[in-house]
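Protein chains in written order, with my numbering: chain A, 45 to 214; chain B, -9 to 312.
Put into structure tokens, the structure is as follows:
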């Protein structure tokens, strides 16, 4: 038995190493960023396998999702336009980056800066901003949306939410 | 002046560190003389003086070892208590991550104890022989230990001087929490595989100690230490806190959890350090020390039993796993 023991223990140790290699090869980690997006066009989001870079949640639906494509062709994903605005504020490529949102009315990717936003939409992070391609009396433009996001004038703020819901029935 | 530096516990801690540095500096000068002039075959007055000084050197380093173990435990106690002064911190996790010097400092202190234990082991082997064959080796080795202590002092000063009471830090649920869907475990392991690895590696290390398979201990023990850290933080810890979302290696040092962290982490480090030293002895010096082996076995067994019993007791009490 004493002669067999080193052999058996070495086998067990090799088994432990094998487990590590199997685990390494097993499954892909969630996506947080995609590189080499040379076309600069929005990428399809792998639902439930892609992390929002700002709030860290998994993106469960493409509707109202957002993407940022940096000048170096890296692409980041967001489940809420509010998250995108919050995240990009202190980035050096803030002005040069391409911003995309997937609209809730026409169901397609459009330039986030040209989109309009409803203010009481049930968005993933409850900021209330729902991206629309068509303008209406209940929507605000991108610039206003950014200002409201930065000044905490969103549905996530209970005081402002009360004010918003008092004037809108959406 | 930084408010943290006026804290009584920090003052005591830094005073102990200064004392350690003082002891180590005296030992360093003697070590330097031994490396330079030691010759056991010589009968010069200089050699006799060195032989007498060698005993002082041994005493100083042994005191250094004793105080370093106490000092590391006290350091953890201090950073745990400092969470009351740092906004956002709920336990030592927030305090130690408050700046970039904290974690390297803690790791360095643990490594320092390992080096001192290894030194003490060489010292025991040296004193067993009439010709003191390892005196020059242990003196040279102490010079490396002294450099490690200098690094610790550097990190100590930077850590406490950069600890701000007005800047909020993250609490442990943020630090050890994870991106939704992302795996915080190493090697892309899931919890089941992590536990299989944990027990498998324990069997390998424990069995290798029984069977005295030194090379396997040297290979498997560092991996076991690494896997054990994640197992305690991300699995066994949740049973200590009785909360599936509470993942923290530091909260268990608090009174609410009966200071069990000291015993858990203490037994893990003691067991792995002694196992490694035993293996180094066996491979380098061809000496198989039974006492070292026994301490390693008892410590590792205690560690695994404590961790496992938390899960077992939770299951018997509640009828479910977390």
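Using N, Cα and C, we set each Cβ at its ideal position, and we do this for glycine too.
Checklist entry - For residue 119/B, which of helix, strand or coil comes out of DSSP? => result The answer is coil: DSSP assigns residue 119/B none of H, G, I, E or B.
Item to check | Near-chain A residues of the region 177 to 211 of chain B - C-beta to any C-beta below 8 Å | outcome: Within the region 177 to 211 of chain B, the qualifying residues are 177, 178, 179, 180, 183, 186, 187, 190, 191, 193, 194, 197, 198, 200, 201, 203, 206, 209, 210.
Checklist entry - Under 8 Å Cβ-Cβ, which residues of chain B neighbour residue 132/A? => result Neighbours of residue 132/A on chain B: none; closest Cβ ~19 Å, over 8 Å.
Item to check | Candidates 139/A, 92/A, 208/A: closest to residue 115/A by CA position | outcome: 139/A
Next on the checklist: Could you compute how far the alpha carbon of residue 31/B sits from the alpha carbon of residue 122/B?
Outcome noted: 11 Å
Checklist entry - Assuming residue 106/B and residue 58/B make a contact with CB atoms under 8 Å, what is their CB distance in whole Å? => result 6 Å
Checklist entry - Going by the beta-carbon positions, is the gap between residue -5/B and residue 77/B smaller than 9 Å? => result no
Checklist entry - How is residue 78/B classed by DSSP in three states: helix, strand or coil? => result coil
Next on the checklist: Which residue marks the beginning of the beta strand (DSSP E) containing residue 184/A, and which one marks its end?
Outcome noted: 183 to 185
Item to check | Burial state of residue 198/A, where buried means 16 or more other Cβ atoms lie within 10 Å | outcome: Burial call: buried.
Checklist entry - Are any of the Cβ atoms in chain B nearer than 9 Å to that of residue 126/A? => result no
Checklist entry - Apart from the five residues on each side of it in sequence, which residues of its chain come closer than 6 Å, Cβ to Cβ, to residue 130/B? => result 25
Checklist entry - residue 151/B and residue -8/B: beta carbons closer than 9 Å? => result Closer than 9 Å, so yes.
Next on the checklist: Using beta carbons (cut-off 9 Å, strictly below), is residue 213/B in contact with chain A?
Outcome noted: yes
Next on the checklist: Going by beta-carbon coordinates alone, are residue 119/A and residue 78/A separated by less than 9 Å?
Outcome noted: yes
Checklist entry - Which same chain residues, not among the five before or five after residue 65/B, have their C-beta less than 7 Å away from its C-beta? => result 3, 99
Next on the checklist: Between residue 208/A and chain B, is any beta-carbon pair separated by less than 9 Å?
Outcome noted: Closer than 9 Å: no.
Checklist entry - So is residue 57/A in contact with chain B if we call contact Cβ pairs under 9 Å? => result yes
Next on the checklist: 9 Å is my cut-off, CB to CB: does residue 297/B come that close to chain A?
Outcome noted: no
Item to check | Cβ-based neighbour list, residue 239/B, same chain, cut-off 8 Å, excluding 5 preceding and 5 following | outcome: 83, 166, 219, 222, 223, 227, 251, 255
Next on the checklist: When you compare the CB positions of residue 204/B and residue 272/B, do they come within less than 9 Å of one another, or not?
Outcome noted: It is a contact, given that the beta carbons lie within the stated cut-off.
Next on the checklist: Can you look up residue 104/A in the DSSP assignment and give me helix, strand or coil?
Outcome noted: coil
Checklist entry - Can at least three beta-carbon pairs, one atom from the region 123 to 133 of chain A and one from the region 86 to 102 of chain A, be found at a separation below 8 Å? => result yes
Checklist entry - Around the C-beta of residue 210/A, are 16 or more other C-beta atoms found within 10 angstroms, so that it is buried, or is it exposed? => result exposed
Checklist entry - Shorter than 9 Å from the beta carbon of residue 70/A to some beta carbon of chain B? => result yes
Item to check | The alpha helix (DSSP H) enclosing residue 70/B, as first and last residue numbers | outcome: 35 to 71
Checklist entry - Hey, out of 114/B, 138/B, 230/B, 133/B, whose CA is closest to residue 303/B's CA? => result 230/B
Checklist entry - Are the C-beta of residue 13/A and some C-beta of chain B separated by less than 9 Å? => result Residue 13/A lies beyond the range of chain A shown here (45 to 214); nothing can be said about it.
Item to check | DSSP beta-bridge partners of residue 143/A | outcome: 112/A
Checklist entry - Within 9 Å (strictly less), CB to CB, does residue 169/A reach chain B? => result It does not: the Cβ of residue 169/A has no partner Cβ on chain B nearer than 9 Å.
Item to check | Interface flag, residue 214/A vs chain B, CB-CB below 9 Å | outcome: Unreliable positioning characterises residue 214/A in this predicted model, as indicated by a pLDDT of 43, which lies under 50. A coordinate reading is not provided.
Checklist entry - Does any CB atom of chain B fall closer than 9 Å to the CB of residue 89/A? => result no
Checklist entry - For residue 73/B, does the count of other Cβ atoms within 10 angstroms reach 16, so buried, or fall short, so exposed? => result buried
Item to check | Close-in-space but distant-in-sequence residues of the same chain around residue 141/B (CB under 7 Å, 5 per side omitted) | outcome: 98
Next on the checklist: Determine whether the beta carbon atoms of residue 56/A and residue 190/B lie at a separation below 9 Å.
Outcome noted: yes
Item to check | Residues that DSSP places opposite residue 119/A in a beta bridge | outcome: 78/A, 113/A
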